[in-house]
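Below is one structure, written out as structure tokens, with a few remarks after it.
Numbering (the UniProt record's numbering), first residue to last: 1 to 75.
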């Protein structure tokens, strides 16, 4: 299983989502995209997009005061 880690810390929405869409295209089915971000809007946008696009959220956690990490397995 391949894993890509994407750090979008400091980038405002919608850039974390745009970057996620671009990078997940590089993965095969079952591979993992881990995104670190600090945009509060993305806490709703990233999981919703993942599910709607047929992917699976395997981990989602707050890693700091205003910082999150989500792991998305490509469907």
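Backbone N, C-alpha and C define an ideal beta-carbon position, used for all residues, glycine too. These figures come from a predicted structure and were not determined experimentally.
Per DSSP, residue 27 is not a residue of any alpha helix (DSSP H), being assigned neither H nor E.
DSSP lists 67 as the beta-bridge partner residues of residue 64. A direct Cα-to-Cα measurement between residue 42 and residue 27 gives close to 21 Å. Residue pairing from DSSP leaves residue 9 without any beta-bridge partner.
Spatial neighbours of residue 16 in its own chain (CB-CB distance under 7 Å, excluding positions within 5 residues in sequence) are listed in chain order as 8, 35, 37, 39, 42, 46.
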